[in-house]
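In UniProt numbering, the protein residues as written are 1 to 292. Ideal placement from N, C-alpha and C gives every residue a C-beta, glycine not left out. Nothing here was measured: the structure is a model prediction, and the numbers come from that model.
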């Protein structure tokens, strides 16, 4: 297995373009604040799009085929307009210049005028360096899980989950929840621009958790080869609840950026039996960078 740090010195891509999906009824300020924190770190272009569930998500199973969608064309236009107004009002308040993608320096833009569905997000996100979503905890106004999963499974890009409360610091102490999986290796690679700016990096392993592969100590050693301040820590998980243990250990370490692979176990298995990804997505109080 190739460790995610090999050959990175010449291949790291900065987070110069950031996509933020916006819902008109959603709580979007934490998403926008975290996206702006990132934008200021990398002089990024931040783009918003208006997002709604794919129709099968919003239609009850007993609605007959042929019944009109509850979202009319007029509603779609109004929802898209509301999303754009929220995004642009935030950027104006923060004095972020409007610009077209590709222009140098911190800027923001809105290029898609319609109300898009999750499937569009999954495709459009492929031409951005990062997608920023909210925490999908199932409560009113929060990002839908289907939106987060579209970003994770379809974009091929790292996804940053913004917690409901905007952190005071961001990315100073990074914790990598290392389970030796391909998904986590990809998350580490996707987080390298942020890891390069971290003051401390902790590779966190849980005893008897993960798949066969290089240890946390091996990952930390390779990160140090790239002048990253990485150390490895292994802790027990007596309750066998990896997600809870990861969050509690990360909090104790002062983590303000958690890096983790998404859905090493299948999504279906996690739906029925629970899993670290599902728990962290629903409960994190710190920014989490994930990749699948």
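key: Closest by C-alpha distance to residue 251, when choosing among 233, 219, 229 and 286   = For the residues 233, 219, 229 and 286, the minimum Cα distance to residue 251 belongs to 286.
key: Chain-order list of residues whose beta-carbon lies under 8 angstroms from that of residue 229 (same chain, five-residue window excluded)   = For residue 229, the CB contacts under 8 angstroms within the same chain, skipping 5 residues up- and downstream, are 198, 199, 200 and 201 in chain order.
query = What residues match up with residue 260 in a beta bridge as DSSP calls it?
reply = Residue 260 pairs with 290.
Ranges of the alpha helix (DSSP H) found wholly within the segment 199 to 236, counting only runs of at least 4 = Fully enclosed alpha helix (DSSP H) runs of 4 or longer: 216 to 225.
task = Compute the beta-carbon to beta-carbon distance between residue 194 and residue 257, rounded to the nearest angstrom, for a pair I have assumed lies under 8 angstroms.
result = Their Cβ separation, rounded to whole angstroms, is 6 angstroms, which keeps residue 194 and residue 257 in contact under 8 angstroms.
ask   = Cβ of residue 118 within 7 angstroms of Cβ of residue 146?
value = Yes.
Start-end ranges of the alpha helix (DSSP H) lying completely within the segment 94 to 158, minimum 4 residues = Within the segment 94 to 158, the alpha helix (DSSP H) runs of at least 4 residues that lie entirely inside it are, in chain order, 118 to 124 and 145 to 154.
ask   = In terms of residues, what are the limits of the alpha helix (DSSP H) holding residue 34?
value = From DSSP, the alpha helix (DSSP H) with residue 34 extends over 29 to 42.
task = Given a cut-off of 7 angstroms, decide if residue 291 and residue 186 are closer than it, judged by their beta-carbon atoms.
result = The answer is yes: Cβ separation under 7 angstroms.
task = Tell whether a beta-carbon distance below 7 angstroms holds between residue 22 and residue 48.
result = It is a contact, given that the beta carbons lie within the stated cut-off.
query = Leaving out the 5 sequence neighbours to the left and right, which residues in its chain are closer than 6 angstroms to residue 150 when beta-carbon positions are compared?
reply = Result list for residue 150: 118, 121 and 122, in chain order.
task = Output yes or no for whether 7 angstroms exceeds the beta carbon distance between residue 232 and residue 254.
result = In this structure, residue 232 lies away from residue 254, with their beta-carbon atoms at least 7 angstroms apart.
query = According to DSSP, what are the bridge partners of residue 21?
reply = Beta-bridge pairing links residue 21 to 49.
task = Quick one: measure Cβ to Cβ for residue 133 and residue 33, integer angstroms, because I've assumed they're closer than 8 angstroms.
result = Incorrect: roughly 13 angstroms between the Cβ atoms, too far for contact.
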